[in-house]
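*Asks:*
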Amino acid sequence: MLSVEPMQGYRASSSGRRRGRVIRRKEMPLWQELPLLLVVAFCLAVLIRTFLVQAFYIPSGSMENTLAIKDRVLVNKVVYDMRDPLRGEIVVFRGTDNWAPEQPAEPISNTFGAKLGRTIGDLVGVSRPGERDFIKRVIGLPGDKIACCDDQGRITVNGEPVDEPYIFEDSPLDAPPNPRQCTSRRFAEVTVPANEMFVMGDHRLVSQDARCQGPVPIDNIIGRAFVVVWPTSHFTSLSVPDNWKAYAADHPIAAAPTGADSRPAPDPGTVAVMLPFLLSVGVSARSGLWWRPRGRRLRS
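In this note's numbering, the protein residues as written are -9 to 290.
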C-alpha cells in the first residue's frame, strides 16, 4: 500500500509534464518565418494602398513649383468619404474623356523588368499614375462662377479676385483663348455644375486643366494629396493656402454636391495612427502572439 502511492504521484507528475509539452507551441525557424512575414507585409501594403493611403509619382511639371517632377506624394483616400473637397486643396483624380492623357516628362521603359516593377509597384501603391490620373488644385466647387481675368490678371471666383502666390509661370494675357489648349490665361466665365469641381495646375503655362478641358466630377477624386515624402529634401505638408482659407471664410460653397456628407473629416494624420496597429499584426507573427479563438459560438 505504501509503495503504490509514490508511483501514483510520479505518474501524475510525469503526465503533467507531458501535457505541458503538448500545450507549448514550437517556435518556427527564422528561415521559415521570414517568407511569412514578407507575405504579411505585402498584404498589408496592398490593403493600405487600396483603402487608406497611396503614394503617387509626379510625372510632369504641371504643378511646379509646388510639386516637382519625380516627387512622391501621399494621398488620403478616405477623407472625401467623410466631407466635401475644399477650394485650394490638391487632389488626385481620374480625368474624363475630355481630358487628354498626361504626358510624362521622361520616356517610360517597356522592358520586362520595368513592366514587372510597375506591376508590383502598382499593387503596393508606389508606381507611376495611369494616363487618366491627374493631380491639380481645386479652384471652384459646385455653383461657383470661375473666370479670368481681373485688371491685375487674377482669376475670379464668384466675382472676387483671388491671389495665388503659388503660381509658377502663368499663361500669357495677350494669347487668344483656345477651347482645346490652355495657352491663354483668359477664359470665359464658367459656372461649375452640380457634383463637379474646377481644377487648375500651379504651373499655368504648361498645365492642361479645366480651363480648356472642362470641370471634373467630384466622384472621380481618388484622394487628397497631403504631404510630399520623396525626395526627403522636398518633404513638406500640402495644406490649404491661407488665401483660400480666408476666401472660404467669407464665401461659403454656393451649392453643395447632391447627397454630400457634411460630417467633419479626420486629420490626415489619423491614418498614420492606424498604421502601427496594422503593422503590429505582422510583428505578431515574429513574436508568436497570433490570436487563437477558443471556439466560442454565438447563440442563434
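All C-beta atoms, glycine included, are put in the ideal place defined by N, C-alpha and C.
1. Determine the contact status of Phe124 and Gly85, defining contact as a CB-CB distance below 7 Å.
2. Going by beta carbon distance, what residues of the same chain come within less than 7 Å of Ala262, once the five residues before and after it are set aside?
3. Excluding the 5 residues preceding and the 5 following Thr226 in the sequence, name in chain order all residues of the same chain whose CB lies nearer than 6 Å to its CB.
4. Would you list the residues sitting across from Ser52 in a DSSP beta bridge?
5. State yes or no: is the C-beta of Val81 within less than 7 Å of the C-beta of Ile211?
6. 7 Å is my cut-off, CB to CB: does Ile211 come that close to chain B?
7. How big is the Cα-Cα spacing for Leu57 and Leu24?
8. Please report the distance separating the alpha-carbon of Ala184 from that of Phe177.
9. Short of 6 Å in beta carbon distance, which residues of its chain neighbour Arg214, apart from the five on each side in sequence? Order them along the chain.
10. Mapping DSSP to helix, strand and coil, what is Cys139?
11. Please work out which residues of its chain come closer than 6 Å, Cβ to Cβ, to Arg122, disregarding the five sequence neighbours upstream and downstream, and give them in chain order.
12. What residues match up with Val82 in a beta bridge as DSSP calls it?
13. Return the chain-ordered list of same chain residues with a C-beta closer than 6 Å to the C-beta of Trp234, the five sequence neighbours on each side being excluded.
14. Buried or exposed: where does Arg175 fall if 16 or more other Cβ atoms within 10 Å of its Cβ makes it buried?
15. Alpha carbons only, please: which of Asp140, Gln142, Asn148 and Arg144 is nearest the one belonging to Gly133?
16. Any idea what DSSP makes of Ala275, helix, strand or coil?
17. State the CB to CB distance for the pair Met187 and Pro75, rounded to an integer number of angstroms; the pair is presumed to be in contact (CB under 8 Å).
18. From the DSSP output, in three-state form, read off Arg62 for me.
*Replies:* Short version:
1. One-based indexing of the sequence shown puts residue 124 at position 134. One-based indexing of the sequence shown puts residue 85 at position 95. For Phe124 and Gly85, yes; Cβs fall inside 7 Å.
2. As a working note, residue 262 is residue 272 in the sequence shown. Bear in mind that a pLDDT of 44 at Ala262, under 50, signals an unreliable position, so the number given afterwards is only what the model happens to contain. Annotation for Ala262: no residue places its beta carbon closer than 7 Å to its own, counting only its chain and skipping 5 residues before and after.
3. Working through the sequence shown from its first residue, we reach residue 226 at position 236. So the qualifying residues of the chain are Val218.
4. For the purposes of this step, residue 52 is taken as residue 62 along the sequence shown, with counting starting at 1. According to DSSP, which records beta bridges pairwise, Ser52 is partnered with nothing at all.
5. Here residue 81 refers to the residue found at position 91 when the sequence shown is read from its first residue. Here residue 211 refers to the residue found at position 221 when the sequence shown is read from its first residue. Yes, the Cβ-Cβ distance between Val81 and Ile211 is below 7 Å.
6. The structure shown has no chain B; it contains just one protein chain.
7. One-based indexing of the sequence shown puts residue 57 at position 67. One-based indexing of the sequence shown puts residue 24 at position 34. Pairing Leu57 with Leu24, the inter-Cα distance amounts to about 37 Å.
8. Position 194 of the sequence shown, counted from the first residue, corresponds to residue 184. Position 187 of the sequence shown, counted from the first residue, corresponds to residue 177. Roughly 20 Å separates the two Cα atoms.
9. Position 224 of the sequence shown holds residue 214. Closer than 6 Å at Cβ, skipping near neighbours: Asn66, Val69, Glu79 and Val81.
10. The residue you call residue 139 lines up with position 149 of the sequence shown. The answer is coil: DSSP assigns Cys139 none of H, G, I, E or B.
11. Counting from 1 along the sequence shown, the entry for residue 122 is found at position 132. Contacts found: Arg84 and Gly85.
12. Within the sequence shown, the letter at position 92 stands for residue 82. Answer by DSSP bridge pairing, in chain order: Ile125 and Gly213.
13. By one-based count along the sequence shown, residue 234 stands at place 244. Within the same chain, Trp234 has close Cβ partners Arg77 and Gly78.
14. Taking the sequence shown and counting its residues from 1, one reaches residue 175 at position 185. Buried.
15. As a working mapping, residue 133 is identified with position 143 in the sequence shown. Residue Asn148 is the option with its Cα nearest to Gly133.
16. By 1-based counting over the sequence shown, the position of residue 275 is 285. Legend: pLDDT at Ala275 = 38, less than 50; position of this residue unreliable, no value from coordinates given.
17. Stepping through the sequence shown from its first residue, residue 187 is reached at position 197. Stepping through the sequence shown from its first residue, residue 75 is reached at position 85. About 6 Å; that satisfies the 8 Å criterion.
18. Numbered from 1 along the sequence shown, position 72 holds the residue referred to as residue 62. In this structure, Arg62 counts as strand in the three-state DSSP scheme.
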